[in-house]
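Residue numbering for the sequence shown follows our numbering, beginning at 78 and increasing consecutively.
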Amino acid sequence: MKTIRTRITISAIVISIIAVLLGAFLLKPSGNFIKISGGLDAISGSEYVKGEVLEITDQKCQGYEEGADPEQVAGGNCDVLRVLITSGERKGSEGLVEFDYANAGVDISTGTKMQLLRIPEAELTKDTYLYMDLNRSNLLIWISVVFAIVTIFIGRWRGIGAIVGLVLTFVVLLYFMFPALLEGRDPLAVAVVSASGLVLILLYTAHGLSIRTSVAVLGTLFGIALTALISYLVVGVGNFSGISSDDDFLLAGVTQIRLDGLLLAGIIFASVGVLNDVTVTQASSVWELKESQPNYSAKELFVSGMRIGRDHIASTVYTLLFTYAGAALPTLLLIVLADRPTGFILSSEAISQEIVRTLVGSIGLVLAVPITTILAAVLAENKN
78 MKTIRTRITI SAIVISIIAV LLGAFLLKPS GNFIKISGGL DAISGSEYVK
128 GEVLEITDQK CQGYEEGADP EQVAGGNCDV LRVLITSGER KGSEGLVEFD
178 YANAGVDIST GTKMQLLRIP EAELTKDTYL YMDLNRSNLL IWISVVFAIV
228 TIFIGRWRGI GAIVGLVLTF VVLLYFMFPA LLEGRDPLAV AVVSASGLVL
278 ILLYTAHGLS IRTSVAVLGT LFGIALTALI SYLVVGVGNF SGISSDDDFL
328 LAGVTQIRLD GLLLAGIIFA SVGVLNDVTV TQASSVWELK ESQPNYSAKE
378 LFVSGMRIGR DHIASTVYTL LFTYAGAALP TLLLIVLADR PTGFILSSEA
428 ISQEIVRTLV GSIGLVLAVP ITTILAAVLA ENKN
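Spelled out as structure tokens, the structure:
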């Protein structure tokens with residue numbers, strides 16, 4: 078027979094599901110946002126295609142006159158590639174690509190697969206192909222297969238659940254969160270609903286339907302709500318514009334998204350993965366403690382669980398710092414090169430955004446630990 082504590086927990090989960098479904102209904106994207114023809118970096122009518130290098134020829138590069146020093150043009154090393162087009166309207170045809178090794182930063186040989194931009198002949202005298210990047214599709218497929226095999230072999234059914242959850246995450250991002258943001262829905266609300274919905278789906282998919290999982294879910298939802306509140310206050314007080322890179326300027330120019338709201342959404346969404354990790358570990362730790370010490374009271378379970386939680390907090394907080402610093406490493410290096418005073422650097426929007434992300438995410442994470450541990454201790458005390 079379910080105890081009153083269990084019933085309250087189940088009721089809280091049901092209320093959370095209803096709230097997320099209502100939020101998803103109100104924020105549901107209509108698909109009306111307009112995609113830019115040819116992409117952000119191409120003229121209208123251009124087409125992204127795949128190609129394979131058939132031959133590398135040494136020809137005079139465009140861009141300098143006879144007698145000019147080729148070392149001063151296009152990085153000093155420019156070849157013309159004859160490529161076979163393997164996708165798009167011109168599939169099966171051949172084209173020429175002028176390739177600059179210095180600017181591209183990669184090595185090309187016969188058989189190399191690449192991504193190209195085809196500029197139609199209507200714009201020029203003939204179709205022109207520009208190098209965009211290497212085609213790494215095969216690598217991504219193989220590494221995904223290896224990841225799936227390792228995860229399923231070690232994790233068994235939980236591993237399968239984790240992979241299913243990963244696929245569902247991409248579905249939510251591509252078909253709900255991104256379109257909703259591009260259509261001008263409130264970024265904070267979209268992030269909270271998306272993150273909460275994914276938590277409800279992913280945790281039960283990966284860890285099964287149980288009170289233990291429900292404790293982790295409630296702890297994570299609490300952390301999301303707290304992170305949303307704190308980040309809203311901090312971003313408002315700090316007067317952040319949300320613009321810290323060229324990509325931000327570009328996005329502001331082609332959409333109506335408020336970038337300060339997008340900063341809020343990023344803080345919330347980035348914290349979810351770490352919150353999941355902490356709350357699931359805390360709930361599992363308390364349940365395992367109860368297994369090994371059946372006579373422990375809720376208070377004893379909480380005290381023991383918090384010892385584990387404090388270690389987890391200590392390691393996870395600096396993990397957040399490493400994550401954000403790694404993502405912003407090029408920006409950090411450029412700012413250090415500018416040789417400005419430390420106070421100026423820390424107060425700049427690019428750096429202070431990362432500091433706020435780290436500290437706000439850490440506050441939500443730290444406070445989610447005792448809440449999750451209390452819930453787990455109270456519910457595990459009388460478990461059969």
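We put the CB at the ideal spot given by N, CA and C, even for glycine. Predicted, not measured: the structure shown is a model, and the values here were computed from it.
Query                                                                                                                                            : Result
Alpha carbon to alpha carbon, what distance is there between G285 and R159?                                                                      : 54 Å
Does the separation of the CB atoms of A341 and P256 fall below 8 Å?                                                                             : Correcting the residue identity first, residue 341 is Leu in this sequence and not Ala. In this structure, P256 does not lie closer than 8 Å to L341 by Cβ.
Do you know how far the Cα of T450 is from the Cα of Q370?                                                                                       : 16 Å
Please state whether DSSP places G172 in a helix, a strand or coil.                                                                              : strand
With DSSP as the reference, label K367 as helix, strand or coil.                                                                                 : helix
Please return the same chain residues whose Cβ sits closer than 8 Å to the Cβ of I220, not counting the five positions on each side in sequence. : none
Hey, out of L259, L339 and A268, whose CA is closest to L298's CA?                                                                               : A268
Using only CA atoms, which one of V443, A360, R387 and E368 lies nearest to L452?                                                                : A360
At which residues does the alpha helix (DSSP H) containing T290 begin and terminate?                                                             : I288 to V314
Between the segment 225-242 and the segment 306-318, do three or more beta carbon pairs fall short of 8 Å?                                       : no
What are the boundary residues of the beta strand (DSSP E) that R434 is part of?                                                                 : Careful: R434 lies outside any beta strand (DSSP E), inside the alpha helix (DSSP H) at E426 to E458.
Quick check: what's the CA-CA separation for S186 versus V157?                                                                                   : 12 Å
So for T86, helix, strand or coil by DSSP?                                                                                                       : helix
Any idea which residues DSSP pairs I191 with across the strands?                                                                                 : Strictly speaking, residue 191 in this sequence is Met, with Ile absent from that position. M191 pairs with G128 and L211.
Please name the residue, chosen from E431, I345 and D337, that lies closest to G441 on a Cα-to-Cα basis.                                         : I345
Would you decide whether G420 is buried or exposed? Buried here means 16 or more other CB atoms lie within 10 Å of its CB.                       : exposed
Helix, strand or coil for T163, going by three-state DSSP, please let me know.                                                                   : coil
In whole angstroms, what separates the C-alpha of L436 from that of S308?                                                                        : 10 Å
Excluding the 5 residues flanking M78 on each side, which residues of the same chain have their C-beta closer than 6 Å to its C-beta?            : Note on M78: pLDDT 44, under 50, position unreliable in the model; no value is reported.
Does D184 come out as helix, strand or coil in the three-state DSSP assignment?                                                                  : coil
Which of the three DSSP states, helix, strand or coil, is assigned to Y373?                                                                      : coil
Answer yes or no: do A445 and G296 have a C-beta to C-beta separation smaller than 8 Å?                                                          : yes
Considering only C-alpha positions, which residue in the set N212, L243 and S424 is nearest to F224?                                             : L243
What is the DSSP secondary structure of I390, reduced to helix, strand or coil?                                                                  : helix
Is it true that the CB of V249 sits closer than 8 Å to the CB of S271?                                                                           : yes
When burial is assigned at 16 or more other CB atoms within 10 Å of the CB, is V222 buried or exposed?                                           : exposed
What do you get for N492, buried or exposed, if any count of 16 or more other CB atoms within 10 angstroms of its CB means buried?               : Because the chain in this structure spans residues 78 to 461, residue 492 falls outside the shown range and cannot be described.
Taking Cβ to Cβ, would you say R82 is nearer than 8 Å to L456?                                                                                   : yes
If you draw a straight line from the alpha carbon of S164 to that of S291, how long is it in whole angstroms?                                    : 47 Å
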